[in-house]
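Trainee: Numbering (this note's numbering), first residue to last: 54 to 942. Okay, handing you the structure first.
Quick look at the structure:
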């Protein structure tokens with residue numbers, strides 16, 4: 054339901070408290086006592102009292118003579134469904150259920166929640182809870198919790214599943230003088246969830262950042278969609294409880310053993326642009342620094358200190374968190390040599406020595422801030438020597454005023470440095486009591502910057518290879534299931550890879566020693582031989598793999614040896630033969646796999662591969678669909694990237710490109726086959742000459758094979774909607790392709806904007822747009838297809854593709870209405886393209902289940918007026934200059 058109805062919870066006019074009480078220690082008493090200060094009307098509901106805390110009480114919410122927006126329920130759990138039903142009958146929209154005793158107590162409580170969901174659906178209610186602490190909105194003095202005090206107004210929305218954490222944060226924030234735009238305890242989340250509130254507070258003008266305490270996410274796709282929409286404009290910072298390995302699950306494959314639940318959350322947050330932090334204090338310090346400082350463009354930090362030990366601590370913490378100690382330029386070192394004593398450290402960390410003066414701090418900072426290698430600065434002070442802490446703080450503020458790179462400070466000590474810290478806070482320079490906390494804050498900033506950059510990066514195009522015979526692949530799966538197999542053989546699995554353009558080693562099946570010898574002689578030595586069995590997953594462990602076989606005699610002996618090894622270790626395994634393959638020598642081996650999670654759907658794993666994949670656990674997780682940039686980012690999160698960058702065995706970063714291509718094509722295979730539960734290439738051999746999949750395994754889901762899975766039901770991210778591609782003819786007979794935009798289209802969109810006249814731009818944007826920059830262009834082509842579609846009109850002249858028009862459909866937060874817009878390049882106007890694109894948007898809106906399309910346009914734009922009117926849009930004037938057109942679908 055999105056944000057529909059949530060305004061009645063967060064900006065109500067009239068509130069009823071069901072279970073309001075005169076008993077001082079009861080929850081009903083505390084909640085009603087807190088709500089009395091609300092800037093609106095409050096009604097107690099209690100069938101056993103004439104009045105509650107001096108205010109007339111009503112026996113039922115239906116007896117209140119005014120329309121109530123929000124009901125807060127604090128009754129025993131078994132009474133709650135009846136109370137919620139009465140709310141629905143009374144026309145109440147918002148309900149907060151504070152009562153506990155639901156799913157957390159077992160099946161009886163789950164049954165109560167199911168009753169609540171039925172009532173909610175019948176009346177269209179929005180429910181927070183049950184088992185919620187409540188909601189606080191300081192701006193309107195709304196406090197529906199039983200917490201002791203109203204919090205200070207501020208710009209942070211804090212949302213938590215845990216009521217206990219909410220209460221602790223309120224107490225902590227009061228001591229730290231931190232304010233909130235809202236505090237929300239979600240409780241059991243039977244209706245309103247994190248995604249709904251990200252959507253709501255993402256649009257709330259009083260909220261500048263959103264902080265989350267997460268125990269679990271029940272709809273990762275919905276969460277990602279909401280977070281991606283707002284992460285770039287309002288930092289979203291999250292703690293996810295439960296980082297231990299207890300959540301790891303056993304599986305047939307290496308993938309199941311090395312991909313933990315927590316790693317899935319890491320991948321989700323990264324793709325959504327959310328910063329993940331570790332502690333409650335990190336939540337607030339991260340929110341503070343993101344509001345105060347520019348984002349770092351690199352993780353290279355310059356550390357300036359008057360204490361060598363403290364500098365080393367900071368450098369260690371930085372390296373452990375994945376940052377880098379910035380390499381100072383020769384010019385910087387030359388300049389520092391002129392102002393520092395001969396015994397200074399000579400490198401970064403810049404130890405300016407214990408006898409440093411305020412002036413030495415100042416000059417060092419002035420020199421270092423000009424270094425092009427610096428991504429940010431940490432000034433680390435200890436109260437020794439001649440430098441006064443307050444005067445040094447003033448010097449730092451002065452030097453870094455207006456800096457385009459982030460600066461952080463750490464004044465070690467307590468009483469002696471208190472005033473210095475206040476100086477930093479007043480000047481919006483974050484300050485920390487320890488080097489480790491300062492480093493954590495810097496790396497959270499860099500993490501956020503990288504996440505946001507990922508939302509806007511332009512990938513290079515990787516040609517996909519759609520299967521020429523998809524029916525053949527379906528038949529392989531169906532035949533295996535008919536035979537009672539869920540695990541495809543290596544030979545069958547490689548058929549899938551080949552169809553998607555992934556290089557594989559030639560694989561031949563031998564069912565006798567003579568056949569094996571003949572195959573080996575034909576393909577050439579050396580060869581590798583492997584057991585072919587649907588029951589053996591880890592062939593190496595079963596003694597079912599022998600490498601580097603150089604002649605026919607060896608082939609025959611190895612055939613018999615493999616059969617004997619497997620039979621002795623797995624006597625009940627079905628052996629279908631032995632495969633014979635050319636022996637490939639590689640410089641490095643990686644693993645690429647996929648697995649389906651009950652909550653997160655299908656995900657992709659990449660990392661160091663081979664027989665020791667489970668030992669190294671050097672992996673990154675991503676969600677399909679992948680493009681070149683997303684594939685590169687997955688690689689960068691592993692040691693594989695570092696190894697290639699070091700030139701290991703002649704490899705270089707340029708040799709990552711074939712791996713990126715395999716990842717993108719593998720991703721498309723995952724998208725196209727919801728029947729696949731697990732899939733693995735291990736190893737993918739990498740050499741200076743390219744890549745080749747040496748072994749592969751696919752495990753299918755019998756229910757999905759026998760049933761009729763919906764397209765993309767196994768994905769949390771909507772893939773490219775190819776069904777919206779169509780060809781149309783303009784009035785002059787020329788052909789044009791209408792298709793959804795892709796991230797790779799950014800250069801073409803920039804070229805399209807160059808064809809717009811000033812008048813065309815004013816008609817589309819209602820203002821003068823001088824030029825389009827990277828971020829605006831990226832907005833049109835880095836799309837969440839579940840929320841919006843940008844349609845581009847493409848033509849081709851002399852083999853060169855170009856865009857001649859663009860149309861947008863943006864789903865609104867209510868989920869059922871969409872705003873549309875159309876713009877056509879000046880050279881192609883008056884050819885019917887605008888009408889064609891609007892017709893296409895109407896069809897897309899219907900396909901997406903939208904109930905209403907609307908769009909604003911300038912009243913002077915007569916062309917669009919007649920086009921829309923002809924298609925049944927109802928047109929009204931907003932003011933003298935602007936009209937709105939609405940079409941009910």
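All C-beta atoms in this analysis are idealised placements derived from N, C-alpha and C, irrespective of residue type, glycine included.
Following the continuous alpha helix (DSSP H) through residue 220, name the residue where it begins and the one where it ends.
Mentor: 216-229
Trainee: Which residues share a DSSP beta bridge with residue 446?
Mentor: Its beta-bridge partners do not exist; DSSP assigns none.
Trainee: By Cβ distance, which residues of its chain are closer than 6 Å to residue 740, with the 5 residues on each side in sequence left out?
Mentor: 639, 640
Trainee: Are the beta-carbon atoms belonging to residue 325 and residue 277 less than 8 Å from one another?
Mentor: Cβ atoms of residue 325 and residue 277: closer than 8 Å.
Trainee: Reducing DSSP to helix, strand and coil, say where residue 203 ends up.
Mentor: coil
Trainee: Would you mind working out which of 596, 604, 623, 624 sits nearest residue 614, comparing C-alpha positions?
Mentor: Measuring from the Cα of residue 614, the nearest candidate turns out to be 596.
Trainee: Would a C-beta distance cut-off of 8 Å place residue 240 and residue 184 closer than the cut-off?
Mentor: yes
Trainee: Tell me the start and end of each unbroken alpha helix (DSSP H) in the region 662-700 that is at least 4 residues and wholly inside, in chain order.
Mentor: Runs of the alpha helix (DSSP H) lying entirely within the region 662-700 and spanning at least 4 residues, in chain order: 666-669, 681-689, 692-698.
Trainee: Keeping to the same chain, check which residues put their C-beta closer than 7 Å to that of residue 898; ignore five residues upstream and five downstream.
Mentor: The answer, listed in chain order, is 862, 871, 906, 942.
Trainee: Quick check: what's the CA-CA separation for residue 718 versus residue 904?
Mentor: 36 Å
Trainee: At a cut of 8 Å, does the region 329-346 reach the region 462-472 through at least three beta carbon pairs?
Mentor: Contact between the region 329-346 and the region 462-472 is absent, with fewer than three C-beta pairs closer than 8 Å.
Trainee: Helix, strand or coil for residue 372 per DSSP?
Mentor: helix
Trainee: Check this for me: beta carbons of residue 339 and residue 328, under 8 Å apart or not?
Mentor: yes
Trainee: Where does residue 474 land, buried or exposed, given buried means 16+ other C-beta within 10 angstroms?
Mentor: By the Cβ neighbour-count rule, residue 474 is buried, with 16 or more other Cβ atoms within 10 Å of its own.
Trainee: Please work out which residues of its chain come closer than 7 Å, Cβ to Cβ, to residue 796, disregarding the five sequence neighbours upstream and downstream, and give them in chain order.
Mentor: Within the same chain, and ignoring the five residues on either side of residue 796 in sequence, the residues whose Cβ sits closer than 7 Å to its Cβ are 511, 512, 680, 834, 835.
Trainee: Return the first residue and the last residue of the alpha helix (DSSP H) that residue 155 is part of.
Mentor: First-last for residue 155: undefined, no H or E at that position.
Trainee: Express the C-alpha separation of residue 550 and residue 520 in angstroms, rounding to a whole number.
Mentor: 10 Å
Trainee: Would you list the residues sitting across from residue 881 in a DSSP beta bridge?
Mentor: Answer is none; residue 881 lacks a bridge partner.
Trainee: Between which two residues does the alpha helix (DSSP H) holding residue 339 run?
Mentor: Residues 333-345.
Trainee: May I ask you to verify whether the region 620-634 touches the region 556-569, counting CB pairs closer than 8 Å and requiring at least 3?
Mentor: yes
Trainee: Can you name the start and end residues of the alpha helix (DSSP H) that residue 711 belongs to?
Mentor: 710-725
Trainee: Nearest CA to the CA of residue 104: which residue from 444, 478, 281, 82?
Mentor: 82
Trainee: If you reduce the DSSP assignment to three classes, tell me which class residue 558 lands in.
Mentor: coil
Trainee: Apart from the five residues on each side of it in sequence, which residues of its chain come closer than 6 Å, Cβ to Cβ, to residue 254?
Mentor: Around residue 254, the same chain offers 210, 260, 263 as residues with beta carbons nearer than 6 Å, after the five sequence neighbours per side are excluded.
Trainee: Does the contact criterion of 3 or more C-beta pairs under 8 Å hold for the region 456-463 versus the region 477-486?
Mentor: By the Cβ test, the region 456-463 is in contact with the region 477-486, since at least three Cβ pairs between them sit closer than 8 Å.
Trainee: Should the region 439-451 be called in touch with the region 386-397, which here means at least 3 C-beta pairs below 8 Å?
Mentor: Taking a contact to require three or more Cβ pairs closer than 8 Å, the region 439-451 and the region 386-397 do not qualify as touching.
Trainee: Please determine if the region 680-697 and the region 600-620 are in contact, where contact requires at least 3 C-beta pairs separated by less than 8 Å.
Mentor: no
Trainee: By how many angstroms is the C-alpha of residue 434 removed from the C-alpha of residue 491?
Mentor: 12 Å
Trainee: Give every residue of the same chain whose Cβ lies closer than 7 Å to the Cβ of residue 531, excluding the five residues on either side of it in the sequence, and list them in chain order.
Mentor: Within the same chain, residue 531 has close Cβ partners 758.
Trainee: According to DSSP, is residue 165 part of a helix, a strand, or is it coil?
Mentor: helix
Trainee: Since residue 647 and residue 731 should fall inside the 8 Å C-beta cutoff, what is the C-beta to C-beta distance between them, to a whole number of angstroms?
Mentor: 7 Å
Trainee: Return helix, strand or coil for residue 303, following the three-state DSSP convention.
Mentor: For residue 303, the predicted structure reports a pLDDT of 37, less than 50, and the residue's modelled location is therefore unreliable. The matter cannot be settled from this model.
Trainee: Taking 7 Å as the limit between beta carbons, can you name the residues of its chain near residue 363, skipping five residues before and five after?
Mentor: Cβ neighbours of residue 363 beyond the five flanking positions: 433, 435, 465, 488.
Trainee: Please list the terminal residues of the continuous beta strand (DSSP E) segment that includes residue 634.
Mentor: 630-635
Trainee: Mind checking residue 33: buried by the 16 CB within 10 Å criterion, or exposed?
Mentor: Because the chain spans 54 through 942 in this model, residue 33 falls outside it and cannot be assessed.
Trainee: Identify every run of the alpha helix (DSSP H) within the region 605-632, keeping only runs that are complete inside it and at least 4 residues long; order them along the chain.
Mentor: 605-622
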